[in-house]
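Number of protein chains: 2
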Amino acid sequence: MMTDTMTNPPAAYQKLLRRMREVTCLKSTSCALEWDQDTYMPPQALAYRAEQLAYLRGRAHRLFAARTVGAWIAECEQQGLAPDSVEGANVREWRRQFEQATKVPAAFVEKLERVKALAHEAWRAARAQSKFELFRPHLAKIVALIRQKADYLGYEVSPYDALLEEYEPGARAAGIASLFADLRPAIVSVLQPALQKSAAVPDHWLPGAYPLAAQQLFNRRVAEAIGFDFAAGRIDTTTHPFCATLGAGDCRLTTRYNENDFTFSLFGVLHEAGHGLYEQGLPPEHFGRPAGAAVSLGIHESQSRLWENHVGRSRSFWEHWHPIACEYFPDLQALSVEQIHAGVNRVRLSFIRVEADQVSYDLHIMLRFALELKLVTGQLAVADVPGYWNEQFEQMSGLKVTKDADGCLQDVHWSLGGIGYFPTYTLGNLNAAQLMQRARQEHPSLNEELGRGQYQTLLTWLRQKVHQAGSRYRPQELMQRVTGEPTSIRAHLEHLREKLT
Amino acid sequence: MMTDTMTNPPAAYQKLLRRMREVTCLKSTSCALEWDQDTYMPPQALAYRAEQLAYLRGRAHRLFAARTVGAWIAECEQQGLAPDSVEGANVREWRRQFEQATKVPAAFVEKLERVKALAHEAWRAARAQSKFELFRPHLAKIVALIRQKADYLGYEVSPYDALLEEYEPGARAAGIASLFADLRPAIVSVLQPALQKSAAVPDHWLPGAYPLAAQQLFNRRVAEAIGFDFAAGRIDTTTHPFCATLGAGDCRLTTRYNENDFTFSLFGVLHEAGHGLYEQGLPPEHFGRPAGAAVSLGIHESQSRLWENHVGRSRSFWEHWHPIACEYFPDLQALSVEQIHAGVNRVRLSFIRVEADQVSYDLHIMLRFALELKLVTGQLAVADVPGYWNEQFEQMSGLKVTKDADGCLQDVHWSLGGIGYFPTYTLGNLNAAQLMQRARQEHPSLNEELGRGQYQTLLTWLRQKVHQAGSRYRPQELMQRVTGEPTSIRAHLEHLREKLT
């Protein structure tokens, strides 16, 4: 898919490659330091680690945002590179990233970083005490600065468009709003029958003990089985699971453990390994360049959701893995495949997004999207966030939020300046279902193979269709090419209806 | 000790501080990447990690070795800073390091790096197959280049002086040779009675099983007791134990485990924690500058040997720790304190330096020093290394080397270009004994405190006398100030005689 590199690219392109190699070296080193900070770093190292990161990130930024880089990009653009050639895609993405890096003044970026650092600390305290008031002044500053950032970046219709662009190139608020307008009633229509079906699942459906060491061995076996390469990656433990690439051939996953519930870490690993398989499947010869990089968060999330929900929460998965899991967790013999399948697919309304079931999850996202849109367009005051949240949440779920920690303080994103990020989670869900449906159409034997614990056909298909493409096509171009249509709600709803109602 | 910083240092000094902050950021980041490479990095990450390190190390070198840095140093030197002020010490050491960094041409450094990389690979293979011939051509190149390096660096008497200077500022080959000429017969005179005394210790003196997890808990408890701060450090597992500082407040130790012998990891931890206590005791306000950095390898090694051999291998140590160790290792109840003390102090001639006892250890070093000296002065051909080694080793120990893996191929140092390094191990042994003897003189209650497992007085003394000084004084100046004499063989021999004969 990515073989047709130019035999004689322009000199400016060669200069860009050299510069980007340096930028990638600095950025990947920062990722390595951040991974260490999240996994093993002792607490007193924090202050100096921040200095190291600020230095590396700052230098990477200056090297990338240099005027000469803009000139090289412009020179390449004048060469009329084929838009879906490796070079064309690289130059297109470098242009996009260059605009994002240079339109926002350095002094503003520094100010935002300082405000974010304080806001993040304030958010921790506010959430711990469930007091929105503690976070309110910080969120007000964040929103004001993020609106200013959108103005710097520029947009045609909504300032939210400028923010989305950072996470999901090409996405626009109007498009998301229209997609969500269709999705919401469709989900509501699935929700009632799904809740009824799940009512039979007991509160504590998973009895027994699941020692940490056994979970680690089992998770590793599953991750290896779906294709995660441990010669080029590993799994460690963190409070908040993540997947990070520290360099070529170096993808690190993390998960967390609950000794009463092995599915907690297992689905964490399946999710992060989904991200990891994407990272490990990107063309290594283009490492550190757009042609070798993930195209968007919405596509990245599709890979994690696909392995977590479409593979890991399928009946066929448990038909294969139940007897194996019983070797690691003898207590699991007390449950049938049906009981486990029902348990891991239980639909039950709850306050916390990260604990939400597969049906109501996107309702949580829609609430946040609507709220963010109002914030950045000035239709909602920061002081009114808890009231708006609680009202909308009750309307959507029937549950009354009694403390902000269970409501508008639950997510870390805003404290990190991440406004415009949430919609990519739902895009990920929709893309996952759409890709999985397409894979099944192209490989009628897929279900049968998955039931035998054989994941090679599915992984190879994803490699060829999604991973190998890197950022060669824009996200929606990629979805169109691979599935025949842009992101839509259809496959996701069919999947939910079929499995959960 | 280090409080008198100038109120108004020259502008050039301020510029040096700024530049060194950047250099330290790059170097400490390299250390973090190297730590990760040695502990957790997956194998396929190796090639790109090398690229990251080459970039960071290269940039640190260019920033440090810049002509403007030389001009700033010269400007500071003209100000007549007090030699033992913080500024004076910093400028003196920066000058020394600047000369080392600039006298050797960059092209030569790159060539040496390439030769070392290949030599290191060849050495691994040669040692595995015990075939010196495989390593010979590489060692020949290393020796030729190291001699050339000594010429670039310059020296007054012996090219070996230029090499020593990198590891032990101020040390000279003639001084080491004279020290060793006294040390050798003295050690030989201790060796026979020590061997006789140890003859009563059975081959397998430590019965029982020592599960890894229990060792980790026990080691941590001991390291905490002697004062290693786990809020600013940690212990991980590697094949070759080491201590590395990854940043301010971030000191990482490693050890290795043998489930049949807990003393293997314990003495590894005591040794590395000795290094770590030094690193954690350096003045944090001078982090990344000579005033906040260890002064030499011979002083560094004195700290590790002191905690490993003078504390950890003392009778009073085991009087305190034996009952506690039995909580972790029930099998240890079968042994008395006397048996453990005799076991961990057993003197027995062997081929391998890192397994050598406290008496014969320095004989291993003297052999290497004599051999290195002959190599760099052209008195010994590389082809004759095994012959020379085996002859000298048999003369020293009575043991016949039957394979090079047990002889001249056992150490990694030469393959890494580390000629001139070995003497610092013996300096460390001598300095450790001398410092410990002085501490006992100044604190007559020290032995009693150590017997109660109280290490605060000893650590505070080392902090005040050695750690806080950073590189303010040259190594021998420091020994003179703290112990009243330069490094001598007396205290070490008294210690060996008293404990082992």
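Protein sequence lines correspond, in order, to chains A and B. With the first letter of the first sequence counted as 1, position 345 gets the number 345 in the working numbering; the numbers rise by one all the way through. With the first letter of the second sequence counted as 1, position 289 gets the number 1289 in the working numbering; the numbers rise by one all the way through. Heads up, the beta-carbon is just placed ideally off N, CA and C, and yes, glycines get one too.
Original post:
Closer than 7 Å, CB to CB, is residue 1234 (chain B) near chain A or not?
Top reply: Taking the first residue of the second sequence as 1, we reach residue 1234 (chain B) at position 234. Chain A, which has a Cβ nearer than 7 Å to the Cβ of residue 1234 (chain B), makes this yes.
**OP:** Under 7 Å between beta-carbons, which chain A residues line up against residue 1283 (chain B)? List them in chain order, please.
**Re:** Working through the second sequence from its first residue, we reach residue 1283 (chain B) at position 283. Result: empty, since nearest Cβ-Cβ is about 14 Å, beyond 7 Å.
Subject >> Contacts around residue 1495 (chain B), its chain only, beta-carbon distance under 6 Å, and the 5 residues preceding and following it disregarded >> reply: For the purposes of this step, residue 1495 (chain B) is identified with residue 495 of the second sequence, where counting begins at 1. Here the set comprises 1433.
Subject >> Helix, strand or coil at residue 1246 (chain B) [DSSP, three-state] >> reply: Working through the second sequence from its first residue, we reach residue 1246 (chain B) at position 246. In the structure shown, residue 1246 (chain B) adopts extended strand secondary structure according to DSSP, grouped into three states.
**OP:** Within 10 angstroms of the Cβ of residue 400 (chain A), are there 16 or more other Cβ atoms? Answer buried if so, exposed if not.
**Re:** On the first sequence, residue 400 (chain A) is found 400 positions in, with the first residue counted as 1. Under this definition residue 400 (chain A) is an exposed residue.
Subject >> Inside the segment 200–242 of chain A only - alpha helix (DSSP H) runs reaching at least 4 residues >> reply: 212–226
Subject >> Rounded Cβ spacing between residue 1527 (chain B) and residue 49 (chain A) (contact assumed at less than 8 Å) >> reply: The requested residue 1527 (chain B) does not occur in the structure, where chain B is confined to residues 1001 to 1501.
Original post:
Closer than 7 Å, CB to CB, is residue 16 (chain A) near chain B or not?
Top reply: Here residue 16 (chain A) refers to the residue found at position 16 of the first sequence. Output row for residue 16 (chain A): interface = no.
Subject >> Beta-bridge partners of residue 503 (chain A), as assigned by DSSP >> reply: Only positions 1 to 501 of chain A appear in this structure, which leaves residue 503 (chain A) out of reach.
**OP:** Mind checking which residues open and close the alpha helix (DSSP H) that includes residue 1303 (chain B)?
**Re:** Translated into positions along the second sequence, residue 1303 (chain B) becomes position 303. Element bounds for residue 1303 (chain B): 1297–1305.
**OP:** With a threshold of 16 other CB atoms inside 10 Å of the CB of residue 1176 (chain B), please say whether the residue is buried or exposed.
**Re:** Here residue 1176 (chain B) refers to the residue found at position 176 when the second sequence is read from its first residue. Looking at its Cβ environment, which holds 16 or more other Cβ atoms inside 10 Å, residue 1176 (chain B) is buried.
Original post:
What does a CB cutoff of less than 8 Å around residue 134 (chain A) pick up in its chain, not counting 5 residues either side in sequence?
Top reply: Position 134 of the first sequence, counted from the start, is the residue given in the question as residue 134 (chain A). 122, 125 and 126, listed in sequence order.
**OP:** Count the C-beta pairs between the segment 346–358 of chain A and the segment 314–331 of chain A that are closer than 8 Å, then say yes if the count reaches three, no if not.
**Re:** no
Subject >> Straight-line gap, residue 340 (chain A) to residue 201 (chain A) (C-alpha atoms, nearest Å) >> reply: For the purposes of this step, residue 340 (chain A) is taken as the residue at position 340 of the first sequence. For the purposes of this step, residue 201 (chain A) is taken as the residue at position 201 of the first sequence. Roughly 10 Å between the two C-alpha positions.
Subject >> Where residue 1150 (chain B) falls: helix, strand or coil (DSSP) >> reply: If you number the second sequence from 1, residue 1150 (chain B) lands on position 150. Residue state, collapsed to three classes: helix.
**OP:** Identify which residue in B:1299, B:1116 and B:1243 has its Cα closest to the Cα of residue 1032 (chain B).
**Re:** Along the second sequence, read from residue 1 onward, the residue named residue 1032 (chain B) stands at position 32. Considering only alpha carbons, the answer is B:1243.
Subject >> Contact under 7 Å by Cβ, residue 57 (chain A) with residue 30 (chain A) >> reply: Numbered from 1 along the first sequence, position 57 holds the residue referred to as residue 57 (chain A). Numbered from 1 along the first sequence, position 30 holds the residue referred to as residue 30 (chain A). Against a cut-off of 7 Å, the Cβ pair of residue 30 (chain A) and residue 57 (chain A) comes out as a contact.
Original post:
Taking Cβ positions only, does residue 38 (chain A) come closer than 7 Å to chain B?
Top reply: Residue 38 (chain A) sits at position 38 when you count from the first residue of the first sequence. It does not: the Cβ of residue 38 (chain A) has no partner Cβ on chain B nearer than 7 Å.
Subject >> Status (buried if at least 16 other CB within 10 Å, exposed otherwise) for residue 67 (chain A) >> reply: Residue numbering aside, residue 67 (chain A) sits at position 67 when the first sequence is read from its first letter. Exposed, since its Cβ has fewer than 16 Cβ neighbours within 10 Å.
Subject >> Identity of the residue in B:1239, B:1286, B:1336 and B:1460 nearest residue 1248 (chain B) by Cα >> reply: Locating residue 1248 (chain B) in the second sequence gives position 248, counting from the first residue. The residue with the shortest Cα to Cα distance from residue 1248 (chain B) is B:1286.
**OP:** Residues of the segment 50–71 of chain A with a CB closer than 8 Å to any CB of chain B: list them in chain order, please.
**Re:** 51, 52, 55 and 56
Subject >> Buried versus exposed call for residue 1162 (chain B) [16 or more other C-beta atoms within 10 Å across all chains shown] >> reply: Numbered from 1 along the second sequence, position 162 holds the residue referred to as residue 1162 (chain B). Residue 1162 (chain B) is buried by the Cβ-count criterion.
**OP:** Measure the Cβ-Cβ separation of residue 480 (chain A) and residue 170 (chain A) and say whether it is below 7 Å.
**Re:** Taking the first residue of the first sequence as 1, we reach residue 480 (chain A) at position 480. Taking the first residue of the first sequence as 1, we reach residue 170 (chain A) at position 170. Cβ distance not < 7 Å, so residue 480 (chain A) and residue 170 (chain A) don't count as in contact.
**OP:** Measure the CB-CB distance between residue 1301 (chain B) and residue 1417 (chain B) and report whether it falls below 7 Å.
**Re:** As a working note, residue 1301 (chain B) is residue 301 in the second sequence. As a working note, residue 1417 (chain B) is residue 417 in the second sequence. For residue 1301 (chain B) and residue 1417 (chain B), no; Cβs fall outside 7 Å.
Subject >> Neighbour flag for residue 1455 (chain B) against chain A, beta carbons, 7 Å >> reply: Along the second sequence, read from residue 1 onward, the residue named residue 1455 (chain B) stands at position 455. By this cut-off, residue 1455 (chain B) is not an interface position.
Subject >> 8 Å contact criterion, which residue 420 (chain A) and residue 145 (chain A) should meet: CB distance rounded >> reply: Here residue 420 (chain A) refers to the residue found at position 420 when the first sequence is read from its first residue. Here residue 145 (chain A) refers to the residue found at position 145 when the first sequence is read from its first residue. Not a contact, Cβ separation roughly 13 Å.
**OP:** Determine the DSSP secondary structure at residue 320 (chain A), reduced to helix, strand or coil.
**Re:** Walking along the first sequence from the start, residue 320 (chain A) turns up at place 320. If DSSP states are grouped into helix, strand and coil, residue 320 (chain A) belongs with the helices.
Original post:
My guess is that residue 173 (chain A) and residue 373 (chain A) are in contact by the Cβ rule of under 8 Å, so how many angstroms apart are they, rounded?
Top reply: For the purposes of this step, residue 173 (chain A) is identified with residue 173 of the first sequence, where counting begins at 1. For the purposes of this step, residue 373 (chain A) is identified with residue 373 of the first sequence, where counting begins at 1. The Cβ separation is near 6 Å, so the contact holds.
Original post:
Roughly how many angstroms lie between the CA atoms of residue 1062 (chain B) and residue 1278 (chain B), to the nearest whole one?
Top reply: Position 62 of the second sequence holds residue 1062 (chain B). Position 278 of the second sequence holds residue 1278 (chain B). The alpha-carbon separation between residue 1062 (chain B) and residue 1278 (chain B) amounts to approximately 29 Å.
Original post:
Just how far apart, CA to CA, sit residue 152 (chain A) and residue 108 (chain A)?
Top reply: Translated into the one-based positions of the first sequence, residue 152 (chain A) becomes position 152. Translated into the one-based positions of the first sequence, residue 108 (chain A) becomes position 108. For residue 152 (chain A) and residue 108 (chain A), the distance between alpha carbons rounds to 10 Å.
Subject >> residue 110 (chain A) at chain B interface by Cβ criterion, 7 Å >> reply: Walking along the first sequence from the start, residue 110 (chain A) turns up at place 110. Taking Cβ atoms only, chain B never reaches closer than 7 Å to residue 110 (chain A), which makes this a no.
**OP:** Examine chain A for any beta-carbon lying closer than 7 Å to the beta-carbon of residue 1293 (chain B), and answer yes or no.
**Re:** Here residue 1293 (chain B) corresponds to residue number 293 of the second sequence, with the count starting at 1. Not closer than 7 Å to any Cβ of chain A, the Cβ of residue 1293 (chain B) fails to qualify, so no.
Original post:
From residue 1380 (chain B) to residue 1371 (chain B), what does the alpha carbon distance come to, in whole angstroms?
Top reply: Within the second sequence, the letter at position 380 stands for residue 1380 (chain B). Within the second sequence, the letter at position 371 stands for residue 1371 (chain B). Each residue's alpha carbon lies about 8 Å from the other.
Original post:
What residues in its chain sit with their C-beta under 6 Å from that of residue 1440 (chain B), if we drop five residues either side in the sequence?
Top reply: To locate residue 1440 (chain B), count along the second sequence from 1; it is residue 440. Counting only Cβ-Cβ distances below 6 Å, and skipping sequence neighbours, we find 1446.
Original post:
Between residue 1500 (chain B) and residue 1190 (chain B), what straight-line distance do the alpha-carbon atoms span, to the nearest angstrom?
Top reply: As a working note, residue 1500 (chain B) is residue 500 in the second sequence. As a working note, residue 1190 (chain B) is residue 190 in the second sequence. Each residue's alpha carbon lies about 8 Å from the other.
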